[in-house]
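These notes are about the structure you will find just below.
Number of protein chains: 2
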Amino acid sequence: MKGCPTQNVTWRELTIGRPEREALNRHKGATVWLTGLSGSGKSTIADLLAARLHSEGVHTAVLDGDNIRHGLNCDLGFSPEARTENIRRIAEVAKLLTSFGIINMVAFISPYSSDRDSARKIQGDGDFIEVFVHAPLEVVEERDPKGLYKKARLGLIKEFTGIDAPYEEPVNPELVLHTHLETPEESVEAVVAHLRRAGILKEE
Amino acid sequence: MKGCPTQNVTWRELTIGRPEREALNRHKGATVWLTGLSGSGKSTIADLLAARLHSEGVHTAVLDGDNIRHGLNCDLGFSPEARTENIRRIAEVAKLLTSFGIINMVAFISPYSSDRDSARKIQGDGDFIEVFVHAPLEVVEERDPKGLYKKARLGLIKEFTGIDAPYEEPVNPELVLHTHLETPEESVEAVVAHLRRAGILKEE
Numbered sequence: 000m001k002g003c004p005t006q007n008v009t010w011r012e013l014t015i016g017r018p019e020r021e022a023l024n025r026h027k028g029a030t031v032w033l034t035g036l037s038g039s040g041k042s043t044i045a046d047l048l049a050a051r052l053h054s055e056g057v058h059t060a061v062l063d064g065d066n067i068r069h070g071l072n073c074d075l076g077f078s079p080e081a082r083t084e085n086i087r088r089i090a091e092v093a094k095l096l097t098s099f100g101i102i103n104m105v106a107f108i109s110p111y112s113s114d115r116d117s118a119r120k121i122q123g124d125g126d127f128i129e130v131f132v133h134a135p136l137e138v139v140e141e142r143d144p145k146g147l148y149k150k151a152r153l154g155l156i157k158e159f160t161g162i163d164a165p166y167e168e169p170v171n172p173e174l175v176l177h178t179h180l181e182t183p184e185e186s187v188e189a190v191v192a193h194l195r196r197a198g199i200l201k202e203e
Numbered sequence: 000m001k002g003c004p005t006q007n008v009t010w011r012e013l014t015i016g017r018p019e020r021e022a023l024n025r026h027k028g029a030t031v032w033l034t035g036l037s038g039s040g041k042s043t044i045a046d047l048l049a050a051r052l053h054s055e056g057v058h059t060a061v062l063d064g065d066n067i068r069h070g071l072n073c074d075l076g077f078s079p080e081a082r083t084e085n086i087r088r089i090a091e092v093a094k095l096l097t098s099f100g101i102i103n104m105v106a107f108i109s110p111y112s113s114d115r116d117s118a119r120k121i122q123g124d125g126d127f128i129e130v131f132v133h134a135p136l137e138v139v140e141e142r143d144p145k146g147l148y149k150k151a152r153l154g155l156i157k158e159f160t161g162i163d164a165p166y167e168e169p170v171n172p173e174l175v176l177h178t179h180l181e182t183p184e185e186s187v188e189a190v191v192a193h194l195r196r197a198g199i200l201k202e203e
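Residue numbers (numbering that gives the first Met the number 0), protein chains in the order written: chain A, 0 to 203; chain B, 0 to 203.
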C-alpha cells in the first residue's frame, strides 16, 4: 500500500452520520467478508444472504469479485500487488457502506492473510465479520462452475489460487462454513444467527 | 484511464438488484454530483441536503472530497492524472451506491469537463445530476474557509484550482446554484425540487 498524503485535506463532521442512518434502517451496518477458493460458494452465499436479509427489510449491498472488477477495479490485474490493491479498495468501499448503515457482503477469494488483516484494520474490528467459506480443493475443482480450474491445470491461466498461487486459510475467522457438508441455506442461517448474536440485527 | 482486462471475469446477475432495493427504500437511487471551486459551498450543500432528505426517510450517502481522500483515494495526489483517477474511482463508487438504491451526494471540485463527462458516462445519464455550485472566484477567495487560497497565493500550495490550475465550468449541467445570491437552504430546496421533477423522489 502506498503512503497516504493527507496534507491540505481536513476531516469534516457531517450532520447525518452512521448512528442516524442505522436508526433509520433499524439495524447496524457491518461487513460480512466471505473468503475462500474459487467455487467454494462465496457468491452463492452472498446472493442468498442478501435475499434473506432483504426479505426482512434489511438494507444490503453485495460487492462481488465478478462484478467489481468490471468497474472500480477494472484497472487491476492479478499479480500479488494488484490483488492487494484490489482488496484495499474493496475494504474502503465496504467501510463506506458500513458507515452508511448497510450490511454489505463481500465475496472475494482474498487469499492472503495480510490483506484480510488490512481489510479488518481498515474496517474496525466489530464491523468486520470474516467468514471462511471452506470446501476442500478436490471438491471445488470437481465443481469448477466457470471451468477455471481446468484452464489453470492446462496452464491457460497463471497465478490461479489453489493451483499455482497460494490460499492462506484464516486462522481465527468469526465463522467457518463447510459448504461440502451443508446446504447454502444452512450456511446463510449460520451467518444470520451470527449477525443476531453480534447485535447487528435485532433479535427476532 | 488504464485498460480494463475483464478476461476470466464473468458478470453475475444477483437476486436482489436495484429495482428490489428501490422498492424497499421507496425512492430511486441517483448521484447528485456537486462541482465547483473550493469554498463555493459544495460540502455545505451536500450535508444540508443529506439532512433534509434523511428527515423524510430517504436513504442517503455523502462522498466528500475531504473525507474520501483519507480512505479509498489516500494513495492519490493532485496531479491532473491523479485527479482523473480520483474522479473515476468516486464515480464508480457513486454508481454502486445508486445501484443500491441510495441517493448519494458527491462533493468534489472535479475541475475538468472530461472527467465529469466520464463520470456521467460511468453512471448512465438519468442517474447523474450535475450541479454546478457557482460563486465568483473573488467571493470564494474572500470566504477562504480553510485558508487554502491564501496559501495558494503565497505559492505554498501548487496546482490549486482557480489559482494556478484551471476550473472548467459545466456547459450543460442539470442545475446551477448561485451560492453568493441564495442561502444554502434555498440551494437545497432547488435540488430537492429537481429530484421530484426527475421522479427520483415521489411528489409530496
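Every residue, glycine too, gets a C-beta built ideally from N, C-alpha and C.
Sequence-distant partners of I101/B (beyond 5 residues in either direction) whose C-beta falls short of 6 Å from its own C-beta, in its chain, are G28, H58 and A60. D126/A counts as buried, since at least 16 other C-beta atoms from the protein chains shown sit within 10 angstroms of its C-beta. Taking one beta carbon from each stretch, the region 78–86 of chain B and the region 98–117 of chain B have 3 or more pairs nearer than 8 Å; the two touch.
Taking a C-beta cut-off of 9 Å against chain A, the contacting residues of the region 136–150 of chain B are K145, L147 and K150, listed in chain order. Assignment of beta-bridge partners to H177/B by DSSP yields H133/B. By the C-beta criterion, the region 132–149 of chain A is judged to be in contact with the region 172–188 of chain A, since at least 3 inter-stretch pairs fall below 8 Å.
Contacts with chain A at 9 Å (Cβ-Cβ) include A60/B. In this structure the region 11–27 of chain A lies against the region 43–58 of chain B, because at least three pairs of beta carbons, one per stretch, are closer than 8 Å.
Bridge partners of T59/A according to DSSP: I102/A. For T34/B, the enclosing beta strand (DSSP E) begins and ends at A29 to T34. Partner residues in a beta bridge of T43/A, as assigned by DSSP, do not exist. In the DSSP assignment, A192/B falls within the alpha helix (DSSP H) that extends over P183 to R196.
In the structure shown, I162/B falls within a coil segment according to DSSP collapsed to helix, strand and coil.
Distance between E19/A and G35/A, taken at the CA atoms: about 34 Å. In terms of Cβ geometry, I121/A and G154/B do not form a close pair [threshold 9 Å]. Put simply, the backbone Cα of S39/A is about 6 Å away from that of V139/A. For G70/A, a Cβ of chain B is located within less than 9 Å of the residue's own Cβ. Per DSSP, I121/A is one residue of the alpha helix (DSSP H) stretching across S112 to Q122. Listed along chain A is no residue with a C-beta nearer than 7 Å to that of E167/B; the closest approach is about 21 Å. Any Cβ of chain B closer than 9 Å to the Cβ of V92/A would place that residue at the interface, and such an atom is present. For I15/A, the neighbours in chain B by C-beta distance under 8 Å run, in chain order, D46, A49, A50, H53, T59 and V61. Ranked by how close their Cα comes to the Cα of M104/B, the residues A81/B, N66/B and R82/B have N66/B in first place. Around the C-beta of N171/B, fewer than 16 other C-beta atoms lie within 10 Å, and the residue is accordingly described as exposed. Interface flag for E19/A against chain B is set, since a Cβ pair is found closer than 9 Å. Residue pairing for F127/B: DSSP places it in a beta bridge opposite T30/B. In this structure, the alpha-carbon of S37/A lies about 33 Å from that of T30/B. The shortest C-alpha to C-alpha distance from G198/B to any of R142/B, L75/B, I128/B and P144/B is the one to I128/B. Judged by their CB atoms, E167/A and P110/A are nearer to each other than the 9 Å cut-off. For I86/A, the closest Cβ of chain B is not nearer than 9 Å.
In this structure H26/A touches L200/A by the C-beta definition: roughly 5 Å separates them, less than 8 Å. By the rule that beta-carbons nearer than 9 Å mark a contact, I128/A does not touch chain B. One thing to note: V92/A has its Cβ within 9 Å of the Cβ of V92/B. Between A22/A and the set S54/B, A189/B, S42/B and T160/B, the nearest pair of CA atoms involves S54/B. Within chain A, the residues H53, G56 and H58 have their CB atoms less than 8 Å from the CB of L23/B, given in chain order. In this structure, the alpha-carbon of D124/B lies about 26 Å from that of L75/A.
Each residue's CA atom was taken as its position, placing K150/A and A164/A some 14 Å apart.
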